[in-house]
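Colleague: Number 254 marks the last residue of the sequence shown (this note's numbering); no jumps. We put the beta carbon where it would ideally sit given N, CA and C, even for glycine. The structure's right below; bear with me while I get my questions together.
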Amino acid sequence: MKKILMVLTSVDKIGDEATGYNVAEAAHPWKVFKDSGHFVDFASIQGGQPPRDTVDTEDPIQVSFTEDETTRAGLYNTARVDVVDPDQYDAVFLVGGHGTMWDFPDNEGLQKLVGSVYDAGGVVGAVCHGPAGLVNVELSNGFRLVEGRKVAAFTNDEEVAVGKDKVIPFFLADRLEEQGATHVQADVFEEKVQVDERLVTGQNPASAAGVAKEMEKLLAEVIHQEKAEEESESEALRAEKDAEKAAAAEDGN
């Protein structure tokens, strides 16, 4: 079992419009991680109880997410990202919602958290507007996390389609490309998941579960490797003990 941290926006309004993290983009990955036996924790930019967007009551996964007692407890008082210990997590998942465009890109605590998890060999995932949290993240080698990588995120055309193109502070796809990424995309509102080494990104809410599934594949590879190393160490220890027993037997003769 691995520990996964899901990070949420703390922005609750865009102008006069209420907003928050996108519940579908949190719920569907949460189910993938939970069904795989992983431990899921939550953090937000400001800590406390993060605002959430509308819940689709016809989506049983969203309903289950909002009614799960452990999840409700975790969301009631989330940790602030700048006090989270990145060493405690094997993966970080950045949940979308338009609010992330305001509080994700310039948050040094989030940048440090994401960079540290990736530098330690962990997996980083983000969906829809969640990739706003990849902006300005630098790795220990001095390169930006997205530099030279293929990434997916909410597209310019999708912003126009939802009527937010005049509201957002910048186009996310353009900003990612400005930082050296290659933005890849499907048609408007179609699923698109992009994997580049240990960075997994998705274009829109329809891509949320797909991002989590690809992250799960990467985590499964890590678990497999760890088990193989443990078995190798056990075999080496057994061989050493067998050799000691054989040597003791020879000395006894």
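(1) Please confirm whether any heavy atom of the ligand NAD lies closer than 7 angstroms to the CB of Glu18.
(2) Which residue's Cα is closest to the Cα of Val223: His130, Gly21, Leu177 and Ala92?
(3) Determine whether the beta carbon atoms of Met2 and Val41 lie at a separation below 8 angstroms.
(4) Between the region 48-62 and the region 11-28, are three or more C-beta pairs nearer than 8 angstroms?
(5) The alpha helix (DSSP H) spanning Val110 covers which residue range?
(6) Round the Cβ separation of Gly116 and Glu139 to the nearest angstrom and send it over; I've been treating them as touching at under 8 angstroms.
(7) Grab the span of the alpha helix (DSSP H) containing Gly75 for me, first residue to last.
(8) So what does DSSP say about Gln195, is it helix, strand or coil?
(9) Could you spell out where the alpha helix (DSSP H) holding Met102 opens and where it closes?
(10) With distances taken between CB atoms, is the gap from Ala213 to Phe190 smaller than 8 angstroms?
(11) Which same chain residues end up closer than 7 angstroms to Asp158 when comparing Cβ atoms and leaving out the 5 residues on each side of it in sequence?
Modeller: This is what the structure holds:
(1) Absence of the ligand NAD is noted for the structure shown, with no ligands found whatsoever.
(2) Ala92
(3) no
(4) yes
(5) Looking at the sequence itself, residue 110 is Gly, so the reference to Val does not match. Its alpha helix (DSSP H) spans residues Glu109 to Asp120.
(6) 6 angstroms
(7) Glu70 to Tyr77
(8) strand
(9) Thr101 to Asp104
(10) no
(11) Val189
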